[in-house]
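Here's the structure, in structure tokens; my notes come after.
There are 2 protein chains.
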Amino acid sequence: MAKLRLLLAGFGNVGRRFVEILADRKSYPGLSELEVAIVAVTTGQHGAWVNPAGLAPATILETYRTRGGFPDSRTTLDAVRTLDFDVLVELSPLSIAGRGEPAIAHVREALSRGRHVVSGNKGPVAWAYRELSTLARARGVRFLHEATVMDGAPVFNLQRHCLRGNTILRLEGILNSTSNMVLGAMERGLSLAAAVAKAQAMGIAEADPSADLEGWDAAVKLTALTNVLMDADIKPEQIWRQGIAQLTPQDLAVAQSRGRRIKMICEAFRTDAGIQGSVTVQELPLDHPFARAEGAGSVLRIHTDLLGRLIIAEDGPDLSTTAYGVISDLLALSECN
Amino acid sequence: MAKLRLLLAGFGNVGRRFVEILADRKSYPGLSELEVAIVAVTTGQHGAWVNPAGLAPATILETYRTRGGFPDSRTTLDAVRTLDFDVLVELSPLSIAGRGEPAIAHVREALSRGRHVVSGNKGPVAWAYRELSTLARARGVRFLHEATVMDGAPVFNLQRHCLRGNTILRLEGILNSTSNMVLGAMERGLSLAAAVAKAQAMGIAEADPSADLEGWDAAVKLTALTNVLMDADIKPEQIWRQGIAQLTPQDLAVAQSRGRRIKMICEAFRTDAGIQGSVTVQELPLDHPFARAEGAGSVLRIHTDLLGRLIIAEDGPDLSTTAYGVISDLLALSECN
Chain A
240 MAKLRLLLAG FGNVGRRFVE ILADRKSYPG LSELEVAIVA VTTGQHGAWV
290 NPAGLAPATI LETYRTRGGF PDSRTTLDAV RTLDFDVLVE LSPLSIAGRG
340 EPAIAHVREA LSRGRHVVSG NKGPVAWAYR ELSTLARARG VRFLHEATVM
390 DGAPVFNLQR HCLRGNTILR LEGILNSTSN MVLGAMERGL SLAAAVAKAQ
440 AMGIAEADPS ADLEGWDAAV KLTALTNVLM DADIKPEQIW RQGIAQLTPQ
490 DLAVAQSRGR RIKMICEAFR TDAGIQGSVT VQELPLDHPF ARAEGAGSVL
540 RIHTDLLGRL IIAEDGPDLS TTAYGVISDL LALSECN
Chain B
240 MAKLRLLLAG FGNVGRRFVE ILADRKSYPG LSELEVAIVA VTTGQHGAWV
290 NPAGLAPATI LETYRTRGGF PDSRTTLDAV RTLDFDVLVE LSPLSIAGRG
340 EPAIAHVREA LSRGRHVVSG NKGPVAWAYR ELSTLARARG VRFLHEATVM
390 DGAPVFNLQR HCLRGNTILR LEGILNSTSN MVLGAMERGL SLAAAVAKAQ
440 AMGIAEADPS ADLEGWDAAV KLTALTNVLM DADIKPEQIW RQGIAQLTPQ
490 DLAVAQSRGR RIKMICEAFR TDAGIQGSVT VQELPLDHPF ARAEGAGSVL
540 RIHTDLLGRL IIAEDGPDLS TTAYGVISDL LALSECN
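So the sequences go chain by chain: A and B. Each step along the first sequence adds one to the number in the numbering used here, with nothing skipped, and position 166 is 405. Each step along the second sequence adds one to the number in the numbering used here, with nothing skipped, and position 50 is 289.
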């Protein structure tokens, strides 16, 4: 099998962890059949590096660590347009203000050139799934995105391979780690600001946490799931959205005094008018399957017509979990290569 | 695509529900591509029925309902040896005393004749997986068994398609519905005998509940999972086994007074001496992911080297969930046909 030549766009936490796993691949017996070569790395603000013969993972990491970036200045879009590669690994940061751009342009360009795409960026799946998946089919390549929702836990692969014959009637889940961690800390008495600062210190919350607290990140993930698993064609702006920024520790204490917990819940279901989605703040009784969700782990309940209700949950995910989502897609491409 | 001709061995609860779904298949849009014909039904004590042109599902159900059985007297083994069919659907009852026989003989005979097998009977997977899977590969056919553990929830398919590249380090779960329901009822003050009677009245517990209460059913399921997901080659007798028959409502009340719940837990993990498995009665703190498991729903936590820990759980399964496991395997065969 020929090596898959990767163009790695983005070198944030997930990109670095992905390259670390490649550098340390001998520790993982199951990766013996993963044949990849990184022929280019591009970033938004830390330069780029191109070598058609392949850049050694350890060298990429060492260069970034010692120089704080890479020696070239090529943009991702230019690299996608001009370099020779087999797979675009799109790990640039999500832009909600940009409605998924510029990642959508990167993915569109790669697919148009007949190259596979593995995206860890949710934007292209949430804002342009139907266009991009149609384009991929037309070009005979694949658009994979397991790392976009629930880190690398298999949600898209589950539906593709494990739910044959089922119609998915409803999706429900806790999909945003930051808001779930913040709600847990507020139950323990912290103010919203202190809880956010704590999640930031742990590397979970972003410098600007508003996308998490206002339910935008959850809405983007729910849209991605709904477009792929329920064949919808909606955009995150169509999700009814309620955030947690207005909550106080007193609100959570009152809920707890009633034996309930406040959670940010994503839901999508079929109606006569099409598929509806919402991100809402709900009080759950303690025997609800989501009531015990703690910390960074997401949980999803899938309602089907044949199998009934299936729950899939992460238990203590970390950066490796997300990086695994990328690896899992590359292994799927290797099988077909 | 040619129709898959099924030999249905066994017509208990799951077999009947499977045929009911086939009779009602127009209600399930996802089944439009399932092309099957039942060319024979065999049972242990209720006769058999053979028609090479195919038996209509509704007619099978009506005949069984009105006559209490089928008109012929052919045994399953004879049918497997002599009839022409594409897939043996093995749904005969598990025999723990028989160490998986006679189902193993049925499966071996079908595979030897180059026929696919879809088993809902755990015995062949628990006592003879390595032999039977090797035989299937040698004959170019498939031995599928999604309905054997966690009803039809995708555990074997999950590992086959969704955990690429991972090494499974450990499995933990609650896999026996009856004992979990009995423990729940005993927490509410019922005696063991009353709790068992209640589970029997609900159609969950068998007339002889000892295999459930003594941990045998759980050990058989854990063995099946371990043999397939961890490439072990163990038998249920090698699982260290502890039952719940000695527990009293007082034991459960004492645990609850400590903020804990008593559960029957299956575990399998790698050691230098090979893979070890156990079924034990444990007190779990309420924040343990299994502590809230109620009723008939099973739950499994899979520890991997790359993805981390993944939890998959059924939420309120019923007979359709198990029957779906059979259908899911048939759909997988249809794709390859």
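Backbone N, C-alpha and C fix where the C-beta goes; we use that ideal spot for every residue, glycine too.
Anticipated Cβ contact below 8 Å, residue i with residue j, distance rounded
i	j	result
residue 386(B)	residue 561(B)	5 Å
residue 256(B)	residue 537(B)	About 18 Å separates the two Cβ atoms, so there is no contact after all.
residue 532(A)	residue 502(A)	7 Å
residue 553(B)	residue 390(B)	6 Å
residue 331(B)	residue 249(B)	4 Å
residue 300(A)	residue 357(A)	About 20 Å separates the two Cβ atoms, so there is no contact after all.
residue 276(A)	residue 245(A)	7 Å
residue 336(A)	residue 296(A)	The Cβ separation is near 33 Å, so there is no contact.
residue 410(A)	residue 468(A)	7 Å
residue 565(B)	residue 464(B)	No, residue 565(B) and residue 464(B) are not in contact; Cβ-Cβ is about 18 Å, not under 8 Å.
residue 505(B)	residue 414(B)	5 Å
residue 546(B)	residue 405(B)	5 Å
residue 289(A)	residue 313(A)	7 Å
residue 548(B)	residue 555(A)	6 Å
Beta-bridge partners of residue i, as assigned by DSSP
i	result
residue 505(A)	412(A), 518(A)
residue 559(B)	For residue 559(B), which the question treats as bridged, DSSP gives no partner whatsoever.
residue 479(B)	517(B)
residue 545(B)	None, per the DSSP bridge assignment.
residue 309(A)	In the DSSP output, where bridge partners are listed per residue, residue 309(A) has none listed.
residue 395(A)	Looking at the DSSP assignment, residue 395(A) forms no beta bridge with any residue, so it has no partner.
residue 281(A)	248(A), 287(A)
residue 355(A)	326(A)
residue 524(B)	499(B)
residue 540(A)	411(A), 550(A)
residue 276(B)	244(B)
Coil, strand or helix - residue i by DSSP
i	result
residue 327(B)	strand
residue 579(B)	Nothing can be reported for residue 579(B), as the shown portion of chain B is limited to 240 through 576.
residue 332(A)	coil
residue 448(B)	coil
residue 407(A)	strand
residue 511(B)	coil
residue 383(B)	strand
residue 350(A)	helix
residue 492(A)	helix
residue 241(B)	coil
residue 530(A)	coil
residue 427(A)	coil
residue 341(A)	coil
residue 443(A)	coil
residue 418(A)	helix
residue 566(A)	helix
residue 360(A)	coil
residue 372(B)	helix
residue 573(A)	helix
residue 388(A)	coil
residue 254(B)	helix
residue 437(B)	helix
residue 299(A)	helix
residue 377(A)	helix
residue 269(B)	helix
residue 487(B)	coil
residue 316(B)	helix
residue 456(A)	helix
residue 260(A)	helix
Contact test: residue i Cβ vs the ligand NAD heavy atom, cutoff 8 Å
i	result
residue 442(B)	For the structure depicted, the ligand NAD is absent and the ligand set is empty, with no information on it obtainable.
Chain E contact residues for residue i, given Cβ-Cβ distances below 7 Å
i	result
residue 400(B)	No chain E is present in this structure, whose protein chains are A and B.
Checklist entry - For the 8 Å Cβ check, are there 3 or more pairs between the region 420-440 of chain B and the region 557-574 of chain B? => result no
Next on the checklist: Under 8 Å: do the region 366-379 of chain A and the region 388-401 of chain A share three or more Cβ pairs, one atom per stretch?
Outcome noted: no
Checklist entry - For the 8 Å Cβ check, are there 3 or more pairs between the region 472-486 of chain B and the region 511-527 of chain B? => result yes
Checklist entry - Does the region 353-369 of chain B come within contact of the region 278-285 of chain B, defined as at least 3 CB pairs closer than 8 Å? => result no
Checklist entry - Should the region 445-458 of chain A be called in touch with the region 478-496 of chain A, which here means at least 3 C-beta pairs below 8 Å? => result yes
Item to check | Cβ contact check for the region 429-439 of chain B and the region 261-272 of chain B: 3 or more pairs under 8 Å | outcome: no
Checklist entry - Just checking, does the region 538-551 of chain A make contact with the region 489-497 of chain A on the three C-beta pairs under 8 Å criterion? => result no
Next on the checklist: When you compare the region 299-313 of chain B with the region 341-357 of chain B, are there three or more beta-carbon pairs, one atom per stretch, that lie closer than 8 Å?
Outcome noted: no
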